[in-house]
Amino acid sequence: MAPMKGEGAYSKGAWTAEEDRKLAEFIEVHGAKKWKTVAIKSGLNRCGKSCRLRWLNYLRPNIKRGNISHEEEDLILRLHKLLGNRWSLIAGRLPGRTDNEIKNYWNSHLSKKINQQGKAMATPAAQESPPQAADCAAEEERHGGGATGSRDPENISFESGEFLNFSGDGTYGLEWVNKFLELDDEDVDQWLAE
DNA sequence: AACATTTGCAACCGCGTGCTG
DNA sequence: ACAGCACGCGGTTGCAAATGT
Numbered sequence: 349m350a351p352m353k354g355e356g357a358y359s360k361g362a363w364t365a366e367e368d369r370k371l372a373e374f375i376e377v378h379g380a381k382k383w384k385t386v387a388i389k390s391g392l393n394r395c396g397k398s399c400r401l402r403w404l405n406y407l408r409p410n411i412k413r414g415n416i417s418h419e420e421e422d423l424i425l426r427l428h429k430l431l432g433n434r435w436s437l438i439a440g441r442l443p444g445r446t447d448n449e450i451k452n453y454w455n456s457h458l459s460k461k462i463n464q465q466g467k468a469m470a471t472p473a474a475q476e477s478p479p480q481a482a483d484c485a486a487e488e489e490r491h492g493g494g495a496t497g498s499r500d501p502e503n504i505s506f507e508s509g510e511f512l513n514f515s516g517d518g519t520y521g522l523e524w525v526n527k528f529l530e531l532d533d534e535d536v537d538q539w540l541a542e
């Protein structure tokens with residue numbers, strides 16, 4: 349498909365407080381759907397895409413911003429190990445967090461952390477990782493370059509289907525999260541190997 | 001104090017997918 | 001079955017703030 353290239357007519361860049369207010373007020377009345385309509389009828393000189401992004405990442409109620417806790421960080425690391433760069437899935441398991449925030453946090457904090465750990469672990473003894481974990485690492489490498497490969501559903505086809513059922517809109521899986529957090533890395537690897 | 005560099009985050013872009021007529 | 005549209009996702013970029021020299 350060919351998205352309207354004529355979107356150059358819309359304003360770009362940082363949102364102003366006034367724009368935020370208009371968008372929030374409109375969505376409060378009409379709901380967050382039909383973003384093109386929202387963009388037009390709210391009186392904002394923005395494209396629908398931009399409105400959607402602003403709402404989801406900033407204006408939406410119950411958004412948590414900043415101060416990612418150690419628990420959340422740990423969960424992100426574990427989920428990323430499982431899922432790769434599937435930020436929306438990861439975000440779906442972190443109530444109040446957005447895919448964009450998690451993606452940014454990963455790129456600016458965690459990826460460096462991983463790199464440093466990777467260098468520290470680059471001793472021969474540290475290289476005997478379970479096959480599945482190795483696959484995940486390779487998967488991460490691939491995700492670093494290309495965009496589309498990560499969407500292959502077969503790449504996340506684990507036996508533990510129930511545990512990893514991300515298909516629904518979900519209840520934010522707090523039980524799932526808690527259960528997951530109780531596992532340490534070895535448990536996770538063992539569980540994956542089953 | 002001034003400038004250069006790095007970091008972190010908000011926003012944009014292109015593409016894939018699902019829905020609807 | 002097909003085309004067009006709208007939405008959602010992940011990668012990337014741009015810029016302000018923070019830090020270093």
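In this note's numbering, each number is its position in the first sequence, counted from 1, plus 348.
Ideal Cβ placement from N, Cα and C applies to all residues, glycine included.
Here the structure is a predicted model, which means the values were calculated and not measured.
7 Å Cβ cutoff met for residue i and residue j
i: Asp-370; j: Leu-392; result: One point to set straight first is that residue 370 is Lys, not Asp, in the sequence displayed. Yes.
i: Asp-447; j: Ser-436; result: yes
i: Ala-380; j: Trp-363; result: no
CB-CB length for residue i against residue j, believed under 8 Å
i: Leu-427; j: Ile-438; result: 5 Å
i: Lys-397; j: Phe-374; result: 16 Å between Cβ atoms; not a contact.
i: Arg-394; j: Tyr-358; result: 5 Å
Status (buried if at least 16 other CB within 10 Å, exposed otherwise) for residue i
i: Glu-420; result: buried
i: Gly-414; result: exposed
i: Leu-431; result: buried
i: Asn-429; result: Correcting the residue type first, residue 429 is Lys in the shown sequence and not Asn. Lys-429 should be labelled buried.
i: Ala-387; result: buried
i: Glu-367; result: buried
i: Phe-506; result: Low confidence applies to Phe-506: its pLDDT is 39, below 50, so where it sits in the model is not reliable enough to give any reading.
CA nearest to the CA of residue i, picked from the options
i: Gly-440; options: Leu-423, Asn-455 and Gly-379; result: Leu-423
i: Gln-465; options: Leu-425, Asn-452 and Arg-434; result: Leu-425
i: Asn-433; options: Glu-376, Arg-445, Trp-454 and Pro-409; result: Trp-454
i: Ala-449; options: Asn-463, Ile-462 and Ile-416; result: One point to set straight first is that residue 449 is Glu, not Ala, in the sequence displayed. Taking only the C-alpha atoms, the option nearest Glu-449 is Ile-416.
i: Pro-409; options: Lys-384, Lys-382 and Pro-443; result: Pro-443
i: His-418; options: Leu-458, Trp-383 and Asn-463; result: Leu-458
C-alpha gap between residue i and residue j, whole angstroms
i: Leu-407; j: Lys-460; result: 29 Å
i: Ala-365; j: Asn-405; result: 15 Å
i: Val-377; j: Arg-445; result: 24 Å
i: Lys-382; j: Lys-451; result: 25 Å
i: Asn-463; j: Ala-372; result: 40 Å
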